[in-house]
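Contents: one structure, followed by commentary.
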Amino acid sequence: MVNYFQLIFQLKIGVKNHMEKLKIGVLGATGIVGQNYLQLLQGHPWFDIIDVAASPRSAGKTYEKAAGPKWQMPIPIPESLKDLKVRDVQDYDAIPEDVSFVFSAINMPTKDMIKEVEFEYARKGIPVISNNSAHRWTSDVPMIIGEINSHHSDVIPIQQKNRGFLKGFVAVKPNCSLQSYLTAIYALEKANYKVDKLIITTLQAVSGAGYPGVASLDMVDNIIPYVGGEEEKTEKEPLKIFGKVGEKGIINDDSIQISSTCTRVAVRDGHTASVNMKFKDRIPNREEIINIWKTFKALPQELGLPFAPKQPIIYLEDEDRPQPIKDRNNDKGMALTVGRLREDNVFDYKFVSLSHNTIRGAAGGAILMAEMLKTKGYLK
Ligand code: NAP
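For the sequence shown, numbering that gives the first Met the number 0 begins at 0 and goes up steadily by one.
As structure tokens, this is what we get:
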């Protein structure tokens, strides 16, 4: 049996051995999340994009022609990718032979279509790291936040056995808005302050709806008090993330009760959440909570993974923080920024938390997961 310290040592050796870059593909490369992959992976030490795929509408065009009119990143389309020909996501015969794995950020008319596409890549021996919600409730598919449940990668061999996949598998990231507060809750749980109940109100950015997203006349000067499917995701996904690996898949945890309201606000990037929390028995004091958050570190930090934020939870004492335009890019957009921790008249405490939805909540979070899976030997 390998203990925690032996695992860290073996993984660190693994990190040092990453000499050759893995060639990878991006499914949904022309969309908002896909564009983030192209931006964030520029100069990545381990991964090189050689394949871009999207809908039949884009297939056969150069990336510049297909994505240029809707390019939203703060840098121009990278020169090395402009002339890549976009492949139809379902043109499996055209997948370059040397693709090691793909990031998936596709939107399709139904979740069943996405499930089938992602499993087809896995059947063909290509691991899929996905942003889509389609497989989040498939029990043998891990749903990972690097700092919380990296160990859920242990379900990958179970998935491969259950489904007859030889080298491929599907691993997913949770909903983008969860990333803005769940690590803060997990840090307290890990310090043995068990959380009993959460009431969460999200204020989600426009880029979370993809491109072109919500019509500007619906969004400017407005708040939309409904984001389809998000409240169910907010209330259910933490149960799987906090679950444990069983013989057939992940067994959900049901120790925390969550109630949520999800809204869309006229902010370009950065999901904010207002969180009220009640503890089960032991209640930490304010200083303890802030200290737990400020000192929290997990496997991605121990391994020094390229996309790991140095300090995953940043606490700001200023009364008017966090704010999307000031705090969403903290530590390359990978940190979550928390503030306004105060006592609550009904529950025990309340706070406000923020993270970048298309970086930490989408492409960046998935890149961090891929780095962790590579270090553990699942991506070769
Ligand atoms: P988006 O901007 O609408 O992009 C959608 C992508 O899917 C485009 O590349 C599009 O290609 C492709 N696509 C559409 N129909 C297709 C089809 N029938 N077959 C194959 N490809 C098709 O959406 P997004 O915001 O990037 O989101 C992508 C996924 O990530 C969604 O599942 C979303 O829920 C999830 N997600 C998004 C965020 C966020 O903050 N935006 C965060 C977490 C997760 P064309 O350009 O050719 O149409």
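Each residue gets a CB set at the ideal place from its N, CA and C atoms; glycine is no exception.
With a cutoff of 6 Å, residue 333 does not count as near the ligand NAP, since its C-beta is closer than that to no heavy atom of the ligand.
Scanning 334, 272 and 246 for the CA closest to the CA of residue 363 turns up 334. Burial state of residue 109 is exposed, judged by a 10 Å Cβ sphere holding fewer than 16 other Cβ atoms. When DSSP reads this structure, residue 342 sits in a beta bridge with 348.
For residue 377, there is no enclosing beta strand (DSSP E), since its DSSP letter is neither H nor E. Remark: the shortest separation between the CB of residue 29 and any heavy atom of the ligand NAP falls under 6 Å. In this structure, residue 239 keeps its C-beta atom at 7 Å or more from the C-beta atom of residue 365.
Three or more Cβ pairs drawn from the region 274-292 and the region 332-347 lie within less than 8 Å of each other, which places the two stretches in contact. Looking from the CA of residue 139, the closest CA among 302, 285, 152 and 216 belongs to 152. Closest by C-alpha distance to residue 291, out of 360, 20, 182 and 221, is 182. An exposed status is given to residue 75, since fewer than 16 other beta-carbon atoms sit within 10 Å of its beta-carbon. Boundaries of the alpha helix (DSSP H) harbouring residue 33: 31-39, taken from the DSSP string. Straight through space, the alpha carbons of residue 165 and residue 210 are spaced by roughly 35 Å. Here the C-alpha atom of residue 249 lies approximately 43 Å from the C-alpha atom of residue 220. Under the three-state reduction of DSSP output, residue 302 falls in the helix class. Measuring C-alpha to C-alpha distances from residue 375 to each of 100, 149 and 124 identifies 149 as the nearest. The C-beta of residue 99 has 16 or more other C-beta atoms within 10 Å across all chains shown, which makes the residue buried.
Per DSSP, the continuous alpha helix (DSSP H) segment holding residue 285 begins and ends at 285-294.
Cβ-Cβ separation between residue 147 and residue 185: approximately 5 Å, consistent with a contact (criterion under 8 Å).
Note on geometry: alpha-carbon atoms of residue 297 and residue 131 lie some 25 Å from one another.
Around the Cβ of residue 225, a 10 Å sphere holds fewer than 16 other Cβ atoms; the residue is exposed. In the DSSP assignment, residue 148 falls outside any beta strand (DSSP E) and within the unbroken alpha helix (DSSP H) covering 145-148. Straight across, the Cα-Cα distance linking residue 301 with residue 40 is about 22 Å. Per DSSP, the unbroken beta strand (DSSP E) holding residue 26 starts and ends at 21-26. In its chain, beyond the 5 residues on either side, 34 and 38 have a beta carbon closer than 6 Å to the beta carbon of residue 72. Sequence-distant partners of residue 111 (beyond 5 residues in either direction) whose C-beta falls short of 8 Å from its own C-beta, in its chain, are 133. Taken atom to atom, the span from the alpha-carbon of residue 195 to that of residue 235 is near 15 Å. Excluding its 5 nearest sequence neighbours in each direction, residue 252 has C-beta neighbours in its own chain below 6 Å: 238, 241 and 242, listed in chain order. The shortest CA-to-CA distance from residue 87 to any of 306, 59, 141 and 69 is the one to 59.
Judged by DSSP secondary structure, residue 100 falls within the beta strand (DSSP E) whose first and last residues are 100-103. When the beta-carbon positions are compared, residue 199 and residue 274 come within less than 7 Å of each other.
DSSP, read as helix, strand or coil, puts residue 187 in helix. The beta strand (DSSP E) runs of length 3 or more contained entirely in the region 30-90 are, from start to end of the chain, 46-53. Cβ-Cβ distances below 7 Å link residue 370 to 45, 304, 305 and 306 in the same chain, with the five nearest sequence neighbours on each side left out; the list follows chain order. Of 157, 357 and 320, the smallest CA-CA separation from residue 339 is found for 320. Scanning its chain for C-beta atoms nearer than 8 Å, with the 5 sequence neighbours on each side dropped, one finds around residue 167 the residues 120, 121, 122, 123, 124, 125, 126, 127 and 159, in chain order.
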